[in-house]
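Right, one structure below, let's go through it.
There are 4 protein chains.
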Amino acid sequence: MQEELKKYPVTIKLPVQWGEMDAAAHVNNLVYMRWTESARIIYFEKMGMDTSFTSGEAGPILGWQDCKYIFPMTFPDTAIIGVRMIEINDRFLIMESAVFSEKHQRIAAISQQKIVPYSYKELKRIEMPESWKEGIQNIEKR
Amino acid sequence: MQEELKKYPVTIKLPVQWGEMDAAAHVNNLVYMRWTESARIIYFEKMGMDTSFTSGEAGPILGWQDCKYIFPMTFPDTAIIGVRMIEINDRFLIMESAVFSEKHQRIAAISQQKIVPYSYKELKRIEMPESWKEGIQNIEKR
Amino acid sequence: MQEELKKYPVTIKLPVQWGEMDAAAHVNNLVYMRWTESARIIYFEKMGMDTSFTSGEAGPILGWQDCKYIFPMTFPDTAIIGVRMIEINDRFLIMESAVFSEKHQRIAAISQQKIVPYSYKELKRIEMPESWKEGIQNIEKR
Amino acid sequence: MQEELKKYPVTIKLPVQWGEMDAAAHVNNLVYMRWTESARIIYFEKMGMDTSFTSGEAGPILGWQDCKYIFPMTFPDTAIIGVRMIEINDRFLIMESAVFSEKHQRIAAISQQKIVPYSYKELKRIEMPESWKEGIQNIEKR
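Protein chains in written order, with this note's numbering: chain D, 477 to 618; chain V, 477 to 618; chain R, 477 to 618; chain A, 477 to 618.
This is the structure:
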């Protein structure tokens with residue numbers, strides 16, 4: 477797991493909460509999406525992105541995501557979430573998020589997200605800002 | 477929308493709740509996954525599936541899902557969720573769920589799920605039950 | 477239950493979703509608070525309140541709440557939530573919300589909330605608007 | 477805050493997640509209940525309580541709770557949650573949970589819970605186990 481984690485320039489840790497399990501006594505599938513969202517926002521802030529979700533500046537909107545569930549996490553455990561950028565073009569970004577179980581020292585889920593630059597003031601897609609590309613380069617070059 | 481809805485043999489309606497919006501003042505991306513989960517469980521029950529999530533009988537486990545977000549829903553509105561089976565084989569099922577906005581009379585999101593037969597007693601994948609295939613045929617033939 | 481429901485001028489119905497159950501296989505305690513929040517917002521809108529949560533007009537902020545859990549609801553069921561105002565003064569409102577199980581035709585939880593008029597622009601408490609009092613009278617007089 | 481925290485024998489820390497804010501751009505009122513639930517479960521485990529929620533052994537069921545919201549937390553921040561027992565009798569326990577904002581170094585919410593010993597097998601209240609009382613004494617004496 478330590479080796480796999482090195483691929484991800486941004487990582488966060490979140491304790492599994494008991495109430496995040498559902499009646500199947502596993503962490504509910506939605507919770508993995510919450511975790512990847514939380515890690516993504518941290519990545520966005522490191523990029524210097526405007527994350528107010530109210531301004532006319534380019535903000536992020538989620539166009540698509542998927543998640544492959546590899547093994548079911550349970551309470552108690554701690555999720556370690558890594559994020560990296562895997563595609564940048566003029567219209568969108570693709571990010572990859574991996575969720576690891578600290579207790580089991582292995583990957584539990586892997587997910588991708590398509591992020592589109594969006595004006596929350598005008599409620600429409602806008603051009604990919606140069607500042608986003610630079611922010612990503614700073615994070616990913618390491 | 478009425479025409480598109482006809483493709484889905486199982487549909488449910490759920491009011492958008494104010495608290496399901498996030499700080500971007502849109503329904504949060506997780507909520508769409510909750511809605512498709514809720515519609516999926518109804519489909520499973522119509523199939524005659526064991527949804528106790530505790531027995532040795534074949535239960536459903538989610539192996540993968542995705543969601544394409546087409547336009548952002550807001551409170552107040554009502555989500556109409558349609559589900560249909562789009563692939564059945566000996567190892568897994570693929571379901572498609574579409575989320576429609578009643579207020580805007582249009583599709584807001586579309587999602588697919590891969591479901592694997594699983595023993596919640598032995599904690600491992602098991603063979604696709606014949607009863608699942610029959611249950612699906614009854615629902616889909618109409 | 478029908479008799480008890482008559483006490484509440486505003487009622488909403490929300491289906492219990494499978495994923496709202498936790499590992500105790502009961503609807504999680506938080507979900508009742510979500511339901512009362514949803515019913516409360518409907519009441520606020522009927523009062524003519526500004527529910528943008530962004531303006532300088534008086535908006536509602538939650539100062540305190542409680543919930544008595546009477547019996548544990550499970551999926552499948554439908555929650556019927558009734559709301560009424562039980563106290564109005566110059567500084568705050570007290571609302572009562574009751575959650576009924578449609579399946580069991582009985583009360584499952586009862587909750588109170590203290591609501592304070594608040595400016596989301598200036599981020600401070602403000603005076604109770606006359607328009608709130610009038611809105612409440614219109615709802616409660618029946 | 478450090479002085480106040482000393483009152484609580486069990487404390488946990490949870491990062492505020494962006495998606496826990498609602499359309500008022502504050503942490504939603506439900507999230508505080510999730511945090512207190514998470515801290516409570518840790519307390520229960522330290523007591524040696526059976527937290528399987530399925531056995532015939534005494535498990536905890538929530539009979540009542542309240543929460544006073546003192547100031548609205550926002551992302552980014554970290555919640556520090558302290559729990560202590562404030563009443564033990566033969567029928568129930570009363571716990572107090574305080575939520576502190578690490579960023580603002582002050583209390584954000586304070587909450588109480590009434591916990592009843594319950595058999596999740598027989599679905600009924602049972603007698604307060606001696607082992608609970610001993611477990612609490614061990615935690616609280618310090």
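The C-beta atom is built at its ideal place from N, Cα and C for all residues, glycine as well.
The structure presented is a predicted model; accordingly, all values stated were derived computationally and were not measured.
Determine, using beta carbons only, whether residue i and residue j come nearer to each other than 8 angstroms.
{"i": "residue 546 (chain D)", "j": "residue 570 (chain D)", "result": "no"}
{"i": "residue 502 (chain A)", "j": "residue 548 (chain A)", "result": "yes"}
{"i": "residue 559 (chain V)", "j": "residue 519 (chain V)", "result": "yes"}
{"i": "residue 556 (chain R)", "j": "residue 487 (chain R)", "result": "yes"}
{"i": "residue 493 (chain R)", "j": "residue 510 (chain V)", "result": "yes"}
{"i": "residue 499 (chain A)", "j": "residue 534 (chain V)", "result": "no"}
{"i": "residue 490 (chain R)", "j": "residue 491 (chain V)", "result": "yes"}
{"i": "residue 615 (chain A)", "j": "residue 536 (chain A)", "result": "no"}
{"i": "residue 562 (chain V)", "j": "residue 609 (chain V)", "result": "no"}
{"i": "residue 419 (chain D)", "j": "residue 538 (chain D)", "result": "Outside the shown range of chain D, which is 477 to 618, sits residue 419 (chain D), and nothing can be said about it."}
{"i": "residue 597 (chain R)", "j": "residue 524 (chain R)", "result": "no"}
{"i": "residue 527 (chain A)", "j": "residue 521 (chain A)", "result": "yes"}
{"i": "residue 578 (chain D)", "j": "residue 554 (chain D)", "result": "yes"}
{"i": "residue 544 (chain V)", "j": "residue 586 (chain V)", "result": "yes"}
{"i": "residue 566 (chain R)", "j": "residue 604 (chain R)", "result": "yes"}
{"i": "residue 495 (chain V)", "j": "residue 607 (chain R)", "result": "no"}
{"i": "residue 497 (chain R)", "j": "residue 504 (chain R)", "result": "yes"}
Please indicate yes or no: does the CB of residue i lie closer than 7 angstroms to some heavy atom of the ligand NAP?
{"i": "residue 540 (chain A)", "result": "In the structure on display, the ligand NAP does not appear, and there are no ligands present to speak of."}
Look up residue i in the DSSP assignment and give the residues it is bridged to.
{"i": "residue 542 (chain R)", "result": "R:588 and A:542"}
{"i": "residue 626 (chain A)", "result": "This structure cannot speak to residue 626 (chain A), because chain A is shown only from 477 to 618."}
{"i": "residue 455 (chain R)", "result": "In this structure chain R extends from 477 to 618, so residue 455 (chain R) is not present and cannot be described."}
{"i": "residue 490 (chain D)", "result": "D:555"}
{"i": "residue 503 (chain A)", "result": "A:497"}
{"i": "residue 535 (chain R)", "result": "R:594"}
{"i": "residue 582 (chain A)", "result": "A:577"}
{"i": "residue 564 (chain A)", "result": "A:569"}
So which residues of chain V does residue i contact, with C-beta pairs closer than 9 angstroms?
{"i": "residue 494 (chain D)", "result": "Within 9 angstroms Cβ-Cβ: nothing; residue 494 (chain D) doesn't reach chain V, min ~17 angstroms."}
I'd like to know if residue i contacts chain A, where contact means its C-beta is closer than 8 angstroms to some C-beta of that chain.
{"i": "residue 490 (chain D)", "result": "yes"}
Could you check whether the Cβ of residue i sits closer than 8 angstroms to any Cβ belonging to chain D?
{"i": "residue 571 (chain R)", "result": "no"}
{"i": "residue 500 (chain V)", "result": "yes"}
What in chain R is Cβ-close to residue i, meaning under 8 angstroms?
{"i": "residue 504 (chain D)", "result": "495"}
- prompt: Taking Cβ-Cβ distances below 7 angstroms as the criterion, which residues of the region 527 to 555 of chain V are in contact with chain D?
  reply: 529, 538, 539, 540, 541, 542, 543, 544 and 545
task: Check each residue of the region 509 to 522 of chain D: if its Cβ is closer than 7 angstroms to any Cβ of chain A, include it; give the result in chain order.
output: 510, 513, 514 and 517
task: Pull out every residue of the region 587 to 598 of chain D whose Cβ sits closer than 8 angstroms to any Cβ of chain V, in chain order.
output: 596
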